[in-house]
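Down below is the structure, laid out as structure tokens.
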């Protein structure tokens with residue numbers, strides 16, 4: 096075991112995670128970071144409501160929305176580019192040859208700290224989905240996920256607006272929306288690891 100994983104790791108060590116996948120994963124990590132920042136800003140404003148603290152929240156919401164638009168744009172560009180170049184067929188062929196257990200074993204050396212290793216589970220899901228439905232179908236699913244993250248942000252923004260208007264604190268919506276956002280790196284930062292395994296499979 097570990098032969099494909101070792102080759103992929105070696106290629107990654109030499110070349111790093113390639114763009115646009117690096118930028119895509121990093122941006123979805125920002126989704127979680129901005130959610131944490133937003134939670135802190137809201138908690139601060141609840142304790143000290145003022146124009147300054149509420150303006151800070153507005154700024155974080157705007158940054159969060161812009162970041163998700165950027166993520167969606169990166170993915171749309173890749174979908175179109177790979178359609179034109181025929182890259183999806185190349186990736187489907189490689190996905191069919193990927194030994195998922197082998198590559199997971201290599202990742203498992205460092206990513207199994209918790210009894211439920213979320214990163215490994217996400218990688219396993221991603222590769223299995225690609226094998227069963229195609230690599231492009233996986234990214235079409237990811238497009239829908241980004242859309243739902245945008246809806247999640249809109250829901251949070253509306254709930255905060257209602258809280259300001261009525262004075263009734265809505266902690267449940269904030270908790271739900273924050274949890275949905277902080278999950279994003281577990282899928283979309285992992286995504287750059289998923290695709291890199293296919294891009295570097297034959298290196």
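Numbering (the working numbering), first residue to last: 96 to 298.
Using N, Cα and C, we set each Cβ at its ideal position, and we do this for glycine too.
Computed from a predicted model, the values in this text were never measured in an experiment.
Requested in this report: Tell me whether the beta-carbon of residue 131 lies closer than 8 angstroms to the beta-carbon of residue 277.
Outcome: As a working note, residue 131 is residue 36 in the chain shown. As a working note, residue 277 is residue 182 in the chain shown. A contact, by the Cβ cut-off of 8 angstroms.
Query raised in the report: Are the beta-carbon atoms belonging to residue 136 and residue 151 less than 8 angstroms from one another?
Result: Within the chain shown, the letter at position 41 stands for residue 136. Within the chain shown, the letter at position 56 stands for residue 151. Yes, Cβ-Cβ distance for residue 136 and residue 151 is below 8 angstroms.
Query - Own chain partners of residue 156 with C-beta closer than 6 angstroms, once the 5 adjacent residues on each side are dropped - result: Indexing the chain shown from 1 puts residue 156 at position 61. These residues qualify, in order along the chain: 252.
Query raised in the report: Where residue 296 and residue 115 are concerned, what is the direct C-alpha to C-alpha distance, given to the nearest angstrom?
Result: On the chain shown, position 201 is the one that residue 296 refers to. On the chain shown, position 20 is the one that residue 115 refers to. The straight-line gap from Cα to Cα measures roughly 18 angstroms.
Query - Length of the line joining the Cα atoms of residue 229 and residue 185 - result: Position 134 of the chain shown holds residue 229. Position 90 of the chain shown holds residue 185. C-alpha separation (whole angstroms): 11 angstroms.
Query - For residue 151, the first and last residue of its enclosing alpha helix (DSSP H) - result: Counting from one through the chain shown, the residue named residue 151 turns up at place 56. Per DSSP, residue 151 belongs to the alpha helix (DSSP H) from 146-180.
Query raised in the report: Going by other Cβ atoms of all chains shown within 10 Å of its Cβ, with 16 needed for buried, is residue 262 buried or exposed?
Result: The residue labelled residue 262 in the question sits at position 167 within the chain shown. So residue 262 ends up on the exposed side.
Query raised in the report: What do you reckon, are the CB atoms on residue 52 and residue 237 nearer than 8 angstroms?
Result: No information on residue 52 is available, as it lies outside the stretch 96 to 298 that the chain covers here.
Requested in this report: Can you say whether residue 210 is buried or exposed, counting buried as having 16 or more other CB atoms within 10 angstroms of its CB?
Outcome: Taking the first residue of the chain shown as 1, we reach residue 210 at position 115. Exposed, by the Cβ-count rule.
Query raised in the report: Any idea if residue 279 is buried or exposed, counting beta-carbon neighbours within 10 angstroms, 16 or more meaning buried?
Result: Stepping through the chain shown from its first residue, residue 279 is reached at position 184. Residue 279 comes out buried.
**Report entry** Enclosing alpha helix (DSSP H) for residue 285 [first to last residue]
**Finding:** Translated into positions along the chain shown, residue 285 becomes position 190. Looking at the DSSP string, the run of the alpha helix (DSSP H) that includes residue 285 is 285-294.
Query raised in the report: If you drop the 5 nearest sequence neighbours on each side, which residues of the same chain put their C-beta closer than 8 angstroms to that of residue 111?
Result: By one-based count along the chain shown, residue 111 stands at place 16. Answer for residue 111: 117, listed in chain order.
Requested in this report: With residue 298 as the anchor, note down where its alpha helix (DSSP H) starts and where it stops.
Outcome: By 1-based counting over the chain shown, the position of residue 298 is 203. Neither: residue 298 is in no alpha helix (DSSP H) and is coded neither H nor E.
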